[in-house]
Each structure stands twice: as structure tokens, then as C-alpha cells.
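A.B. asks:
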Amino acid sequence: MRIITLVAQKGGSGKSTLTFCLAAAAEGEGMRVAILDTDPQRTVFKWGQRRLGEGRQTPLVQACEPHQLAEELKTLLAQGIDLCLIDTPGTHSVGVALAIERTDYCLIPVKPTIADTQAVIETARQLRDRKRPFAFVLSQCSGSTARLNDAAAGLLRHGEVAAANIHHRVDYPDADNAGLGVTEYNPNGAAAKELKLLWAWLHRAIGGHA
Ligand SMILES: Nc1ncnc2c1ncn2[C@@H]1O[C@H](COP(=O)(O)OP(=O)(O)OP(=O)(O)O)[C@@H](O)[C@H]1O
Ligand SMILES: [Mg+2]
660 MRIITLVAQK GGSGKSTLTF CLAAAAEGEG MRVAILDTDP QRTVFKWGQR RLGEGRQTPL
720 VQACEPHQLA EELKTLLAQG IDLCLIDTPG THSVGVALAI ERTDYCLIPV KPTIADTQAV
780 IETARQLRDR KRPFAFVLSQ CSGSTARLND AAAGLLRHGE VAAANIHHRV DYPDADNAGL
840 GVTEYNPNGA AAKELKLLWA WLHRAIGGHA
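Okay, so the sequence shown: first residue is 660 according to the working numbering, each after it adds one.
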């Protein structure tokens, strides 16, 4: 079982949205997927409840206190889960540190603004200190390609940047409303296309085959 944690010491960067969208994309490719939501806001857990209301039993979405992580991960492994995504709150806390410790790979969503890119440098430093492999992913992008390239170049000084950018698109909140990932909500849309690219890149990064 591979474990990916979405982490960023910055609220609203897109952690929860990418957690459920990546989970749905991975499941769409036949993986057995689970999500552990360690954020007290329970954004992804509530998405999972809406999804259950639509009769979709998978992926398994559980609310999880950070101190329960080790036990929950053991259970998921025993259940034959291939991929577990962990969502975390946008703060620095002992709980986030616990999630990072148990993870194979971390993804840091970051909006391409100066305030947001500066805020996640500290997140990257902590991951490097703990020897956790990670990458940034540009999230909620809008504006010119030059602006995005500048943001990516700035981040590259602190770590790898995913080879797919996520843009600001209505499909993301609309899919959330519907308890779906963007690849399910609008499979031929631009959001689904970029999300599939991100998943393919991430899958390779964690040692899977495209
Ligand atoms: N690519 C996107 N395009 C448009 N809206 C988006 C996108 N990604 C996220 N959003 C919206 O931005 C808001 C914040 O996103 P999200 O909840 O995923 O961030 P977060 O990092 O989990 O926030 P928090 O730190 O509060 O947990 C939500 O309303 C979400 O629907
Ligand atoms: Mg969140």
C-alpha cells in the first residue's frame, strides 16, 4: 500500500480538493483506494458522506484522529487497499507531523502567488528535514503562462514541482458538491484532463507504472 499525504501550512491551497479528486482518479484506474481525513474541518469526510448518499461506497473515506493513524493504516493494509491518501489541516501541528512520518510521498498544493509560495517553503523544509519525498503542485492557477512559470521556477529552488498544473475551474467545487471527483463529474472536461495528468505523474513518482 502506498501512502500519499496532502500537506501545506496554508489554508485553502487545494489539499482537500486534490485529495478526493486524486482518490477518484486512482479508483477510476482500478486501484483500491482509501482516504483518511485528519482535518477537524472534515472537508473530505463530508464529501465522502455526499458520495455515499449517491450510492457510491468507494473509496472508503474515514475521519481519523492523528493518534489513530498507525492503527488505521494497519487495518487498511490488511483490507488490501492499494493507495491511501491522507488529508491534513492547513496548519503546523503535531497531528500533521504524525501524518508526514507515516507517509511514502507528500504533495504540497500551492497557489501561484508570492504569499502562498513563500508560505509553503517552511512546509518543504520540514519534509526535507524528515527525509520525506515530496513535490509541489501548482493549484487554482489562473493568469498568464509566464506567471505560472515564474512561480514554478521559484518553487524549484526548494523542491520538485509536479509536471501538471491544476487550474482554477468550476468543475472542482461542482464535483465536490456532487460527491464526485472531476474525472467522474465531467470526464471530458479540462479539469478531468489536467487531473489525470497529475495522477499519472504522481503514480510514476510513487513507483507505479503509467
Ligand atoms: N482548482 C480549483 N478551482 C476552483 N476552485 C477550487 C480549486 N481547488 C479548490 N477550490 C476551492 O477552493 C476552496 C479551498 O479548497 P480546499 O478546501 O481544497 O483547500 P484546503 O487546502 O483543503 O483548505 P483548508 O486548509 O481550509 O483545509 C474550496 O472552496 C474549493 O472548492
Ligand atoms: Mg482542507
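Just so it is clear, CB atoms sit at the ideal spot from N, CA and C, and this is done for glycine as well.
Counting beta carbon pairs with one atom in the region 822-840 and one in the region 682-695, are three or more of them shorter than 8 Å?
C.D. replies: Counting Cβ pairs under 8 Å, three or more are found: they touch.
A.B. asks: Could you check whether L814 and V755 sit closer than 8 Å to each other, using their CB atoms as the reference points?
C.D. replies: Contact: no.
A.B. asks: Assign T664 to one of two classes, buried (16 or more other C-beta atoms within 10 Å of its C-beta) or exposed (fewer than that).
C.D. replies: Flag for T664 reads buried.
A.B. asks: Taking Cβ positions only, does K705 come closer than 8 Å to chain C?
C.D. replies: The chain labelled as chain C is not found in the depicted structure, where only one protein chain is given.
A.B. asks: Roughly how many angstroms separate the alpha carbons of A822 and Q785, rounded to a whole number?
C.D. replies: Approximately 22 Å between the Cα atoms of the pair.
A.B. asks: Taking only heavy atoms of ligand 1 into account, decide whether any of them is closer than 7 Å to the Cβ of P718.
C.D. replies: Outside the cutoff, so no.
A.B. asks: List the whole-angstrom C-beta distance separating T712 from G838, where the pair is believed to meet the contact cut-off of C-beta under 8 Å.
C.D. replies: One point to set straight first is that residue 712 is Gly, not Thr, in the sequence displayed. The pair is a contact, with the Cβ atoms about 7 Å apart (cut-off 8 Å).
A.B. asks: Quick one: residues in its chain with C-beta nearer than 7 Å to the C-beta of R791, no 5 flanking neighbours on either side, listed in chain order?
C.D. replies: The answer, listed in chain order, is I759, T762, C765.
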